[in-house]
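Notes for the one structure printed next.
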Amino acid sequence: MEVRDKGVTLIELLVVLFIIGAAFALVGVTFFRSKEDIDLKTFTREVSASLRYARIRAVAEKKIYAFVISKDEKICVLYSENITGENDDDLWKKISSKKIPEGIELEDSEDNKKQDILRIDFSPEGGSTGGEIKFKNLKGSVIQIIIEQITGRVTIQKAQS
236 MEVRDKGVTL IELLVVLFII GAAFALVGVT FFRSKEDIDL KTFTREVSAS
286 LRYARIRAVA EKKIYAFVIS KDEKICVLYS ENITGENDDD LWKKISSKKI
336 PEGIELEDSE DNKKQDILRI DFSPEGGSTG GEIKFKNLKG SVIQIIIEQI
386 TGRVTIQKAQ S
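Going by the working numbering, the sequence shown opens with residue 236, and the numbers climb by one from there.
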């Protein structure tokens with residue numbers, strides 16, 4: 236057998252190009268398929284950060300904070316109790332709001348099946364009204380945010396769809 240020093244054959248080149256093409260195809264499919272999951276995960280992290288903020292501020296400011304999700308308007312709003320000492324008609328002061336992105340929806344659970352809004356209050360002692368919030372994307376992935384009643388602790392976990 237004769238040894239070549241000048242390069243590779245056409246078949247070897249085609250095999251390598253096929254392997255590289257297949258690898259890029261798999262990476263592309265995986266990336267675009269999971270974009271909805273990334274959007275869902277990002278949004279639930281933002282919501283849980285707002286819930287944690289509400290708990291911390293409620294304790295620090297010694298006021299009630301309320302986190303409200305409107306199913307109809309597809310919006311999440313954080314309110315604080317308005318204790319100004321004046322004759323103020325507004326009992327609640329709007330702190331922040333965030334639209335629920337397209338492709339993500341609030342999934343009905345035991346806590347919010349018959350209601351148009353879901354509300355979680357955080358008390359000055361650190362506790363909350365508790366509950367769970369489930370968000371679902373178009374692909375069917377569900378992530379739930381659990382708020383413990385006694386401690387007000389907020390955790391995120393992937394739920395069974």
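Even for Gly, the Cβ is constructed at its ideal location relative to N, Cα and C.
Does the beta-carbon distance from residue i to residue j come in below 8 Å?
i      : j      : result
Trp327 : Ala293 : no
Gly361 : Arg280 : no
Ile335 : Ile355 : no
Lys298 : Ser315 : yes
Ile380 : Val282 : yes
Leu275 : Phe370 : yes
Ile310 : Ser332 : yes
Ile368 : Ile304 : yes
Run through DSSP, which three-state label would residue i get?
i      : result
Glu337 : coil
Arg292 : helix
Gly256 : helix
Lys298 : coil
Asp343 : coil
Met236 : The pLDDT assigned to Met236 is 49, lower than 50, so where the model puts this residue is not dependable, and the model offers no usable value.
Glu247 : helix
Ile318 : coil
Leu326 : coil
Lys176 : Within the shown structure, residues of the chain are numbered from 236 to 396, placing residue 176 beyond reach of any answer.
Contact defined as beta carbons within less than 8 Å: I believe residue i pairs with residue j. What is the distance between those atoms, to the nearest angstrom?
i      : j      : result
Arg287 : Val389 : 5 Å
Lys393 : Leu341 : Rounded, the Cβ-Cβ distance is 16 Å, inconsistent with contact.
Gln350 : Gly365 : Not quite, the Cβ-Cβ distance comes to about 15 Å (not below 8 Å), so this is no contact.
Gly338 : Leu313 : The Cβ separation is near 23 Å, so there is no contact.
Could you tell me which residues DSSP puts in a beta bridge with residue i?
i      : result
Gln392 : Gln379
Gly366 : Ile382
Phe357 : Tyr300, Ser363
Leu313 : Phe302, Ser331
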